[in-house]
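Notes follow once the structure below has been shown.
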Amino acid sequence: MTKILMVCLGNICRSPLAEGILRAKLPKHFIVDSAGTANYHTGNAPDPRSIAVAKKYGINISNLRGRQFSVSDFDTFDLIYVMDDSNYNNVIKLARNNEDVSKVNFILNEVYPAQDFNVPDPYYGGTNGFENIYNMLNEACITIAHNLTSE
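Okay, so the sequence shown: first residue is 0 according to numbering that gives the first Met the number 0, each after it adds one.
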């Protein structure tokens, strides 16, 4: 059973959206979760704009709750996808060894290998920002799901 973790800053915009998108594309035996590198929104539901864009595409993420990334996530998850440079650096700082580091990758590297492109944080933008990140994350999740289910 493969376990995948999506990570952004606050765990209310990008990572819960990525979690919902990937869950919708994978069989139930895969475990998909999300976390934030900061604890600003621990216990909170996703941003209403993330909920709305997910709902537009038939995905319900309203029941998800924010949590902070922890060192134990390296033990729990096989793949850890980060949304941007800051998330990557914060997660890598907690890595205990090369095995931990090897689990971490930029989510957009699934579409643009080894480019380390960032998924922009839409929090302070308008609704279009959420639509744009949905499209980015959806494209990456299509590739992730294909790779995981073709193994």
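Glycine is no exception: its CB is placed at the ideal position from the N, C-alpha and C atoms. Nothing here was measured: the structure is a model prediction, and the numbers come from that model.
Pair within 8 Å by beta-carbon distance, residue i and residue j
i	j	result
residue 27	residue 77	no
residue 106	residue 63	no
residue 73	residue 102	yes
residue 16	residue 60	yes
residue 43	residue 84	no
Assumed close pair residue i, residue j - CB separation to whole angstroms, cut-off 8 Å
i	j	result
residue 12	residue 122	5 Å
residue 14	residue 82	7 Å
residue 19	residue 53	5 Å
residue 5	residue 29	Not really, about 13 Å apart at Cβ, beyond 8 Å.
residue 99	residue 108	With 8 Å as the limit, residue 99 and residue 108 do not qualify as a contact, their Cβ atoms being about 17 Å apart.
residue 119	residue 125	Not confirmed; about 12 Å, so no contact.
residue 86	residue 7	6 Å
residue 144	residue 110	Actually they are not in contact, since the Cβ atoms of residue 144 and residue 110 sit about 13 Å apart, beyond 8 Å.
Same chain, Cβ closer than 7 Å to residue i, neighbours up to 5 away in sequence not counted
i	result
residue 41	65, 66 and 67
residue 22	31
residue 89	36
6 Å CB neighbourhood of residue i in its chain, flanking five on each side removed
i	result
residue 9	35, 37, 39 and 40
residue 70	93
residue 58	19 and 23
Outcome for residue i when other beta-carbon atoms lying within 10 angstroms are tallied against a minimum of 16
i	result
residue 24	buried
residue 48	buried
residue 45	buried
residue 133	buried
residue 113	exposed
residue 96	exposed
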